[in-house]
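Student: Handing you this structure, nothing more for now.
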Amino acid sequence: MVSSTEYGSHTWELLLTVDHQYEDVKKEFNLPVTGDLHVGGLMLKLVEETKKAQDWSDYAFWWEQKKCWLLKTHWTLDKYGVQADAKLIFTTQHKMLRLRLPNMKTVRLKVSFSSMVFRAVSDICKMLNIRRSEELSLLKQSEGTLKKKKKKDKNSKEPATEDILNLCDSPVSSGLPANPGLYSKTMTPTYDPVSGSPASSTITWFSDGSSSEQNCSILALSHPTASPEVLAEMYQPRTLADKAKLNAGWLDSSRSLMEQGVMEEDQLLLRFKYYTFFDLNPKYDAVRINQIYEQARWAILLEEIDCTEEEMLIFAALQAQYHVSKLSLSSETQDSTCESEVDEVEAALSNLEVTLEGGSKSNILEDITDIPKLADNLKLVRPKKLALKAIKTYWFVFRDTSISYFKNKESALGEPIEKLNLKGCEVVPDVNVAAKKFGIKLLIPVADGMNEVYLRCDNEDQYARWMAACVLASKGRTMADSSYQPEVQKILSFLQMKNWTMCSQAASEPENVDMKPECFVSPRYTKKFKSKQLIARILEAHQNVSQMSLVEAKLRFIQAWQSLPEFGLSYYIVRFKGSKKDDVLGVSYNRLIRIDMATGDPITTWRFSNMKQWNVNWEIRQVAIEFDQNVSIAFTCLSADCKIIHEYIGGYIFLSTRSKDHNETLDEELFHKLTGGQE
Numbered sequence: 013m014v015s016s017t018e019y020g021s022h023t024w025e026l027l028l029t030v031d032h033q034y035e036d037v038k039k040e041f042n043l044p045v046t047g048d049l050h051v052g053g054l055m056l057k058l059v060e061e062t063k064k065a066q067d068w069s070d071y072a073f074w075w076e077q078k079k080c081w082l083l084k085t086h087w088t089l090d091k092y093g094v095q096a097d098a099k100l101i102f103t104t105q106h107k108m109l110r111l112r113l114p115n116m117k118t119v120r121l122k123v124s125f126s127s128m129v130f131r132a133v134s135d136i137c138k139m140l141n142i143r144r145s146e147e148l149s150l151l152k153q154s155e156g157t158l159k160k161k162k163k164k165d166k167n168s169k170e171p172a173t174e175d176i177l178n179l180c181d182s183p184v185s186s187g188l189p190a191n192p193g194l195y196s197k198t199m200t201p202t203y204d205p206v207s208g209s210p211a212s213s214t215i216t217w218f219s220d221g222s223s224s225e226q227n228c229s230i231l232a233l234s235h236p237t238a239s240p241e242v243l244a245e246m247y248q249p250r251t252l253a254d255k256a257k258l259n260a261g262w263l264d265s266s267r268s269l270m271e272q273g274v275m276e277e278d279q280l281l282l283r284f285k286y287y288t289f290f291d292l293n294p295k296y297d298a299v300r301i302n303q304i305y306e307q308a309r310w311a312i313l314l315e316e317i318d319c320t321e322e323e324m325l326i327f328a329a330l331q332a333q334y335h336v337s338k339l340s341l342s343s344e345t346q347d348s349t350c351e352s353e354v355d356e357v358e359a360a361l362s363n364l365e366v367t368l369e370g371g372s373k374s375n376i377l378e379d380i381t382d383i384p385k386l387a388d389n390l391k392l393v394r395p396k397k398l399a400l401k402a403i404k405t406y407w408f409v410f411r412d413t414s415i416s417y418f419k420n421k422e423s424a425l426g427e428p429i430e431k432l433n434l435k436g437c438e439v440v441p442d443v444n445v446a447a448k449k450f451g452i453k454l455l456i457p458v459a460d461g462m463n464e465v466y467l468r469c470d471n472e473d474q475y476a477r478w479m480a481a482c483v484l485a486s487k488g489r490t491m492a493d494s495s496y497q498p499e500v501q502k503i504l505s506f507l508q509m510k511n512w513t514m515c516s517q518a519a520s521e522p523e524n525v526d527m528k529p530e531c532f533v534s535p536r537y538t539k540k541f542k543s544k545q546l547i548a549r550i551l552e553a554h555q556n557v558s559q560m561s562l563v564e565a566k567l568r569f570i571q572a573w574q575s576l577p578e579f580g581l582s583y584y585i586v587r588f589k590g591s592k593k594d595d596v597l598g599v600s601y602n603r604l605i606r607i608d609m610a611t612g613d614p615i616t617t618w619r620f621s622n623m624k625q626w627n628v629n630w631e632i633r634q635v636a637i638e639f640d641q642n643v644s645i646a647f648t649c650l651s652a653d654c655k656i657i658h659e660y661i662g663g664y665i666f667l668s669t670r671s672k673d674h675n676e677t678l679d680e681e682l683f684h685k686l687t688g689g690q691e
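Residue numbers (our numbering): 13 to 691.
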């Protein structure tokens with residue numbers, strides 16, 4: 013026993029555990045400490061006690077009971093509230109983590125378990141050479157999405173060990189956190205804008221080993237799609253409630269991995285969380301474009317997003333472009349097409365920019381003295397009354413953000429029959445090119461829900477002009493906006509892909525093609541058609557895209573994905589204040605949508621542009637939002653923590669403040685201010 017005078021009157025023993033690999037050194041130490049000892053001093057005492065000379069710079073204290081890191085080394089134990097019953101573990105801050113990428117490949121790398129997830133994702137993206145890391149986050153697979161797979165695998169044999177790309181030895185990974193990695197000012201990673209292949213100088217950044225080119229290509233290039241058996245084993249949502257499970261596991265960006273129960277060697281999903289893809293450039297973004305494409309492809313194959321038969325065949329044709337191109341592409345043809353197509357692809361990108369950025373604001377001021385208008389004969393389709401549809405032709409005039417319609421052209425100088433303000437409305441395409449059906453479904457917010465209006469156009473050109481005007485008007489923009497013409501062209505190019513020309517040779521000889529159609533379309537369509545029929549239809553659709561480069565095919569795929577009505581919607585099951593039943597809340601980059609869980613029909617839409625403020629009552633876990641015109645809503649989230657929805661809203665508002673600069677600097681403090689909340 014040691015006398016109290018020797019210890020001092022305020023001295024007490026603290027149990028410390030050192031997380032090390034040495035067998036000859038004990039792991040637990042009881043050190044005499046005082047409350048005014050700062051954390052840095054405690055670290056020094058402990059390291060001296062281990063009597064082991066090594067680099068301890070990455071070590072920090074983890075407080076097991078409180079689930080928090082003691083990173084402020086100048087704070088005293090008293091300030092942290094550490095007492096004798098505390099269990100402190102002295103462990104490394106950077107640990108190995110397995111990440112499943114959007115292309116379903118798994119990488120293993122060293123990640124900071126003590127940094128906020130927002131910062132950790134930024135470091136991960138530097139390792140993987142993905143710009144605009146703020147668009148991504150980490151997702152923990154929820155139990156609901158794993159149960160089905162476990163039941164299926166119960167009686168089956170153990171699956172083969174998955175190939176894991178180990179990036180822990182790369183110069184970038186080993187240099188964390190100080191090494192700027194692929195964002196070094198002395199070297200900018202570049203890719204062939206036609207094929208997406210990395211330049212030789214870029215390959216060396218992934219690894220010093222012989223497998224560097226393979227590592228790089230796994231991230232930047234597409235690979236053969238999974239077999240139907242693998243597809244069948246994966247979670248496929250059938251209902252809106254199923255889709256809500258997909259978004260339940262997003263990690264809190266304002267807390268560290270360890271604080272959220274993530275342990276070393278755990279597996280998480282790295283996914284694009286925010287569907288606002290900003291400043292895409294094929295010269296620098298081959299990995300990013302490929303991973304966006306892969307996330308879109310899997311969402312369609314697993315039916316996480318609905319699409320029509322025509323649209324599914326377009327997606328299949330664009331995927332088949334890789335299948336066909338890789339059989340015929342040689343280095344000689346690649347070299348000869350490279351220079352001529354670089355400018356073409358970049359020009360195509362600039363045309364796609366408005367769509368790909370997810371609604372970025374134009375820098376060009378509208379000419380308020382001469383705002384264009386549309387005027388034409390369109391058919392108005394009224395909702396069913398007594399099981400009959402009333403279809404009648406009227407003279408429609410589109411001006412500013414409103415549509416007015418009259419009995420005929422001559423009466424357009426008088427008062428309209430009805431004037432529809434489209435600001436804040438939902439615009440849904442209703443198109444079947446084969447049947448010459450070009451419809452626009454408008455869901456216009458009114459006091460008691462949504463007013464449904466259907467417009468029917470005569471041809472593709474008319475549809476593209478009116479659809480583009482409706483899309484812009486829903487965002488509060490007019491046809492004078494610089495994004496109007498690119499929007500028209502985007503719609504026309506999408507219709508052109510749908511309106512494929514028949515190629516009799518390709519269609520009549522599907523048996524000559526080595527293709528598994530089940531890998532290109534969702535299970536719903538493999539059940540509907542025979543294999544030969546599917547191959548014929550995919551090859552038929554492929555004729556329109558056969559001249560595209562690989563990168564352009566990916567961009568077209570992303571563009572077509574963005575054209576789907578459900579694009580960018582993340583679903584959550586909520587209970588609105590005052591309601592007796594559960595609803596689904598869809599969160600998008602510019603709006604919230606209340607959806608009937610039983611029918612899937614939108615009930616009300618609220619735009620972020622009309623939002624005055626939002627807050628969370630952390631005690632009852634309720635999100636409350638105030639909009640213009642004294643509109644306020646409140647709801648509790650049933651399928652996930654309300655913090656996830658709170659972060660989604662703040663995150664989208666944060667992303668809308670981005671601008672193109674060479675430094676690509678992010679206001680991290682603003683992000684946490686908008687998304688962090690105060691529990």
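Virtual Cβ for every residue (Gly too), placed ideally from N, Cα, C.
Just checking, does the stretch 240-258 make contact with the stretch 566-576 on the three C-beta pairs under 8 Å criterion?
Tutor: At 8 Å Cβ cutoff, the stretches do not touch.
Student: How many Å lie between Ile142 and Phe683 at the Cα?
Tutor: Going from the Cα of Ile142 to the Cα of Phe683 covers about 19 Å.
Student: Would DSSP call Arg110 helix, strand or coil?
Tutor: Three-state result, Arg110: strand.
Student: I believe Ser268 touches Phe130 by the beta-carbon criterion, under 8 Å. Please report the beta-carbon distance rounded to the nearest angstrom.
Tutor: Not confirmed; about 10 Å, so no contact.
Student: Between Ala424, Leu330, Pro205, which lies nearest to Gln559 when the distance is taken from Cα to Cα?
Tutor: Taking only the C-alpha atoms, the option nearest Gln559 is Leu330.
Student: How big is the Cα-Cα spacing for Glu147 and Ala132?
Tutor: Taking the straight line from one Cα to the other gives about 13 Å.
Student: Using three-state DSSP, classify Met462 as helix, strand or coil.
Tutor: Here Met462 sits in strand by DSSP.
Student: Tell me which residue opens and which closes the beta strand (DSSP E) that Ser745 is part of.
Tutor: No answer is possible for residue 745: it lies beyond the span of the chain, which begins at 13 and ends at 691.
Student: Which class does Gln559 belong to by DSSP, given the choice of helix, strand or coil?
Tutor: It is coil, neither helix nor strand.
Student: Counting only C-beta atoms, is Asn302 closer than 8 Å to chain C at any point?
Tutor: No chain C appears in this structure, which consists of one protein chain only.
Student: Nearest to Val123 by CA position, among Met270, Thr23, Leu26, is which residue?
Tutor: Considering only alpha carbons, the answer is Met270.
Student: Which residues in the same chain have their Cβ closer than 7 Å to the Cβ of Lys421, if we skip the five residues on either side of it in sequence?
Tutor: For Lys421, where only same-chain residues beyond five positions count, the Cβ hits under 7 Å are Trp407.
Student: Do you know how far the Cα of Lys99 is from the Cα of Trp75?
Tutor: Rounded to the nearest angstrom, the two C-alpha atoms are 6 Å apart.
Student: According to DSSP, simplified to helix, strand and coil, what is Pro249?
Tutor: Three-state DSSP puts Pro249 in coil, outside helix and strand.
Student: Which runs of the beta strand (DSSP E) fall wholly inside the stretch 422-509 and span at least 3 residues, in chain order?
Tutor: Within the stretch 422-509, the complete beta strand (DSSP E) runs of at least 3 residues are 430-433, 438-444, 449-458, 461-469.
Student: Give me the residue from Tyr664, Ser486, Asp135, Glu681 with the minimum Cα distance to Phe289.
Tutor: With distances taken between Cα atoms, Phe289 lies closest to Tyr664.
Student: Could you check where the beta strand (DSSP E) with Gly598 kicks off and where it finishes?
Tutor: First-last of the beta strand (DSSP E) with Gly598: 595-599.
Student: Does the stretch 451-459 touch the stretch 467-487, meaning 3 or more C-beta pairs lie closer than 8 Å?
Tutor: Touching, yes.
Student: Return the first residue and the last residue of the alpha helix (DSSP H) that Arg309 is part of.
Tutor: Element bounds for Arg309: 298-313.
Student: Entirely within the stretch 539-587 and at least 3 residues each: give me those beta strand (DSSP E) ranges in chain order.
Tutor: Segments of the beta strand (DSSP E) lying fully in the stretch 539-587: there are none.
Student: Please confirm whether any heavy atom of the ligand PLP lies closer than 7 Å to the CB of Pro498.
Tutor: Summarising the ligand content, the structure contains no ligands, and the ligand PLP is consequently not present.
Student: Comparing C-alpha positions only, which one of Lys589, Ile661, Glu631, Asp653 sits nearest to Lys624?
Tutor: Out of Lys589, Ile661, Glu631, Asp653, Ile661 has the C-alpha closest to the C-alpha of Lys624.
Student: Could you tell me which uninterrupted beta strand (DSSP E) segments, each at least 3 residues in length, are contained entirely in the stretch 621-676, listed from first to last along the chain?
Tutor: Counting whole runs of 3 or more residues, the stretch 621-676 contains the beta strand (DSSP E) stretches 623-629, 634-639, 643-649.
Student: Measure how close the beta-carbons of Thr62 and Val37 come, nearest whole angstrom, since I'm counting them as under 8 Å.
Tutor: Yes, Thr62 and Val37 are in contact; Cβ-Cβ is about 6 Å, under 8 Å.
Student: Can you name the start and end residues of the beta strand (DSSP E) that Met268 belongs to?
Tutor: The sequence shown places Ser at residue 268, not Met. Counting along the chain, Ser268 falls outside any beta strand (DSSP E), and DSSP gives it neither H nor E.
Student: So who's on the other strand from Ile403, going by DSSP bridges?
Tutor: DSSP, once it has assigned bridges, lists Val393 as partnering Ile403.
Student: Sorted by chain position, which residues of the same chain lie with C-beta nearer than 7 Å to Arg587's C-beta, five sequence neighbours on each side aside?
Tutor: Same-chain partners within the cutoff: Asp594, Phe647, Thr648, Leu650.
Student: Near Thr198, what residues of its chain come up, given a Cβ to Cβ distance below 7 Å and the 5 sequence neighbours on each side ignored?
Tutor: Residue confidence for Thr198 is low, a pLDDT of 42 falling below 50, so the modelled location carries little weight; the figure read from the coordinates is stated next. Once the five neighbours on either side are set aside, Thr198 has no close Cβ partner at all.
Student: From the DSSP output, in three-state form, read off Pro294 for me.
Tutor: Note: Pro294 maps to coil in three-state DSSP.
Student: Got a sec? Which residues, its chain only, sit under 6 Å from Ser168 by beta carbon, not counting five neighbours each side?
Tutor: Reliability of the predicted coordinates at Ser168 is poor, the pLDDT of 42 falling under 50, and the value obtained from them is presented with this limitation in mind. Closer than 6 Å at Cβ, skipping near neighbours: no residue.
Student: Could you say which of Leu576, Ala260, Met462, Leu54 lies nearest to Ser582 if we only look at CA atoms?
Tutor: With distances taken between Cα atoms, Ser582 lies closest to Ala260.
Student: Cα-Cα, which of Asp613, Tyr584, Lys589 is closest to Ser692?
Tutor: The structure shown has nothing for residue 692, since the chain only spans 13 to 691.
Student: Between Ser416 and Asp613, what straight-line distance do the alpha-carbon atoms span, to the nearest angstrom?
Tutor: The alpha-carbon atoms of Ser416 and Asp613 are separated by roughly 25 Å.
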